[in-house]
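Participant: Heads up, the sequence shown is in my numbering, so the first residue is 64 and it goes up one at a time.
Even glycine gets a Cβ: it sits at the ideal position worked out from N, Cα and C.
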Amino acid sequence: MPQNSRYSDEHVEQLLSELANVLEKHKSPTDLSLMVLGNMVTNLINTSIAPAQRQAIAKSFAQALQSSVNDDKAH
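Laid out in structure tokens, this is it:
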């Protein structure tokens, strides 16, 4: 079942495109890109979420990430 979002697809796609452009501009390899994005997620959780909720948000984020990764062999 699709999940409803309070954000428009256009807004999400715009941010995604801008973030991808920054990584491409710096010719960031995959491992560095993942490290930077992971650090960004950690920083957002630690600075924007109440301490009592951080673990639950991190777990939910990790589960959503795992659910969105394809198991196909292509890369």
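1) Rounding to the nearest angstrom, what Cα-Cα distance links Asn106 and His74 in this structure?
2) For a test of the three-state rule: what should DSSP assign to Asp72, helix, strand or coil?
3) Tell me which residues share the same chain as Asn109 and place their Cβ nearer than 6 angstroms to its Cβ, disregarding the 5 neighbours each side in the sequence.
4) Taking the CB atoms as reference points, tell me whether Val99 and Phe124 lie closer together than 8 angstroms.
5) If you run the structure through DSSP and keep just helix, strand and coil, what is Ile112?
Facilitator: Looking at the coordinates:
1) On the sequence shown, position 43 is the one that residue 106 refers to. On the sequence shown, position 11 is the one that residue 74 refers to. So the alpha carbons of these two residues sit roughly 22 angstroms apart.
2) In the sequence shown, counting from the first residue as 1, residue 72 sits at position 9. Correct three-state label for Asp72: helix.
3) Position 46 of the sequence shown holds residue 109. Result list for Asn109: empty, nothing under 6 angstroms.
4) In the sequence shown, counting from the first residue as 1, residue 99 sits at position 36. In the sequence shown, counting from the first residue as 1, residue 124 sits at position 61. For Val99 and Phe124, no; Cβs fall outside 8 angstroms.
5) Position 49 of the sequence shown, counted from the first residue, corresponds to residue 112. Note: Ile112 maps to coil in three-state DSSP.
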